[in-house]
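Enquirer: I'd like to ask you about the structure that follows.
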Amino acid sequence: MARWNVAGQLAALLAALETQDFAQADAAAVRFAAALRRSPEGVQSISAAAFDKLLCYLSSPVSKRAYQVAACATSACLVAEGDDESRFATQICRAAGCAAALVRGITSHNAALRLRIMLALPCVFPAMLHTFSEQEQIRFDTAIAEAPGVPATVGRLLGGSEEAERSLATGLLLKMLNAAPPAAAAAAAEVVRQPGALPGLIAAAGNDMFAMVALNTWQELIPAGVAREDLARGVAEAGARGALTRVAGAAERLFSRNPANDDLFLVMAGGLTALCLHEPAAAAVAANAGVVSAMRGALRSGTRAAAALRLLLALKGPWRAAPRRVGGDPCGSGGGGGAEGDGGGGSLGDPRLLAEVVRAAASADLDVCLLAFRLIWDGDDVWSVPLMAPVAVSALRKLNWELTE
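Structure (structure tokens):
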């Protein structure tokens, strides 16, 4: 039936936009979206030329109404194609200004339009990795960071109650933080000003699917110039909502499920270290036996040891301050059963952890050696004292200091 002819409905929509008959364009957009829902395979009948013409109305609209119609139709195409294909997403990335124009639609007061765009954007971002050069990526990130209303909208979405919106906002914030430094700093400041934005970002890190992106985003807030006091308030508020414990749980599960993924480990450990500069977060993560156990296992890895030691150093302060049970572990410590399948052993006071730290101190990597030395020096258990001497000697030798044996 002509009613479900996807290419025909798009042609009618484009004709209405060309004559600026927006009532007809709105009706055509509804029919076009319905045709795609009824026959998703019909998306393949849309020619590159027709889609390019639609993108012209997206990037250079003759009016707000024209933009809304074009954005709705573009989003419908992307969602119908899905993220397994990249034809339309690649066209958007190659057409000047189109991707940034689509992102700007999240500031619309039209709730239906915002929803369509938020469903479509995850189909676009992966295509950028294959389409944009590094400089083009920075220009795109800068364009959305400087787009009026976008940073504030991202902050409001982070502070909202909808998990899907919060997750999309997390990805958009990370892209804005990768913009040119002045734009990144201004965007970060605007996002942080929105109520609940930072606790919302931490809450996103408690979702297994978005923990890696959220923790990476948190880590980038510091070089973007977000004040430590603002970050501390965000951590405290997130802790009051129970989000920090969920973040530690998500980290434990991801470490356990992906034991061979170095990239995931390094991003997660770096993000947790930045988060654990604040005591409530450090206490929550230190109490998770699975995370600590994963760090112990990482000390034998040449690529992971330094990141693991930095996180252990961040965790050490709150652990030392906690009241002790008989046996030396802090009261309230616990968490998962350990990421190594060893039945636990994930306490910062575990002698096996110290043994791995001492072993790491013999590394040829000077950073690993000195981090291990710092970690043992910071220890407060009597049994660690005899082990400090060989670590100190190892560290000093690597610094080429002259020692008399």
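Residues -25 to -1, 1 to 380 (mature numbering (1 follows the signal peptide of the UniProt record, and there is no 0)) are what the sequence shown spells out, left to right.
Ideal Cβ positions, reconstructed from N, Cα and C, are used throughout, including at glycine.
Please read these numbers as outputs of a predicted model, since none were measured by experiment.
1) Between the Cα of Asn263 and the Cα atoms of Lys291, His253, Ala213 and Ser322, which residue gives the shortest distance?
2) Which same chain residues end up closer than 6 Å to Arg89 when comparing Cβ atoms and leaving out the 5 residues on each side of it in sequence?
3) Would DSSP call Asn(-21) helix, strand or coil?
4) Sorted by chain position, which residues of the same chain lie with C-beta nearer than 7 Å to Ala155's C-beta, five sequence neighbours on each side aside?
5) Keeping to the same chain, check which residues put their C-beta closer than 6 Å to that of Ala144; ignore five residues upstream and five downstream.
6) In the DSSP assignment, the alpha helix (DSSP H) including Ile351 goes from what residue to what residue?
7) Can you tell me the Cα-Cα spacing of Pro157 and Leu147, whole angstroms?
8) Here's the rule I'm using: 16 or more other beta-carbon atoms within 10 Å means buried, otherwise exposed. How should Glu331 be labelled?
9) Alpha carbon to alpha carbon, how far is Ala189 from Val54?
10) With distances taken between CB atoms, is the gap from Ala257 to Ala283 smaller than 9 Å?
11) Suppose contacts are defined by Cβ-Cβ distances below 9 Å. Is Arg(-1) in contact with Leu11 by that definition?
12) Where Ala24 and Gln(-17) are concerned, what is the direct C-alpha to C-alpha distance, given to the nearest angstrom?
13) When the Cα of Val210 is compared with those of Ala(-19), Leu77, Val167 and Ile21, which residue comes out closest?
14) Look up Asn182 in the DSSP assignment and say whether it is helix, strand or coil.
15) Tell me the DSSP secondary structure of Asn263 in three-state form.
16) Secondary structure at Asp325, three-state DSSP: helix, strand or coil?
Expert: Looking at the coordinates:
1) By one-based count along the sequence shown, residue 263 stands at place 288. The option with the nearest alpha carbon to Asn263 is Ser322.
2) By one-based count along the sequence shown, residue 89 stands at place 114. So the qualifying residues of the chain are Ile81 and Ser83.
3) Along the sequence shown, read from residue 1 onward, the residue named residue -21 stands at position 5. The answer is coil: DSSP assigns Asn(-21) none of H, G, I, E or B.
4) In the sequence shown, counting from the first residue as 1, residue 155 sits at position 180. Correct list, in chain order: Ile113 and Thr117.
5) Counted from its first residue, the sequence shown places residue 144 at position 169. Excluding positions up to five away in sequence, the list reads Val129, Leu132 and Leu133.
6) As a position in the sequence shown, residue 351 is number 376, starting the count at 1. Unbroken alpha helix (DSSP H) run through Ile351: Leu341 to Trp352.
7) Mapped onto the sequence shown, residue 157 falls at position 182. Mapped onto the sequence shown, residue 147 falls at position 172. Approximately 17 Å between the Cα atoms of the pair.
8) On the sequence shown, residue 331 is found 356 positions in, with the first residue counted as 1. Buried.
9) Taking the first residue of the sequence shown as 1, we reach residue 189 at position 214. Taking the first residue of the sequence shown as 1, we reach residue 54 at position 79. Straight-line Cα distance between these residues: approximately 24 Å.
10) The sequence position of residue 257 within the sequence shown is 282, counting from 1. The sequence position of residue 283 within the sequence shown is 308, counting from 1. Contact: no.
11) Taking the sequence shown and counting its residues from 1, the one referred to as residue -1 is at position 25. Taking the sequence shown and counting its residues from 1, the one referred to as residue 11 is at position 36. For the sequence presented, residue -1 should be read as Ala rather than Arg. Taking 9 Å as the Cβ cut-off, Ala(-1) and Leu11 do not qualify as a contacting pair.
12) The residue given as residue 24 occupies position 49 in the sequence shown. The residue given as residue -17 occupies position 9 in the sequence shown. Rounded to the nearest angstrom, the two C-alpha atoms are 15 Å apart.
13) Residue mapping note: residue 210 aligns to position 235 of the sequence shown, counting from 1. When each option's Cα is compared against that of Val210, the closest is Val167.
14) By one-based count along the sequence shown, residue 182 stands at place 207. In the structure shown, Asn182 sits in coil (DSSP, three-state: anything other than H, G, I, E or B).
15) Along the sequence shown, read from residue 1 onward, the residue named residue 263 stands at position 288. Correct three-state label for Asn263: strand.
16) The residue you call residue 325 lines up with position 350 of the sequence shown. In this structure, Asp325 counts as coil in the three-state DSSP scheme.
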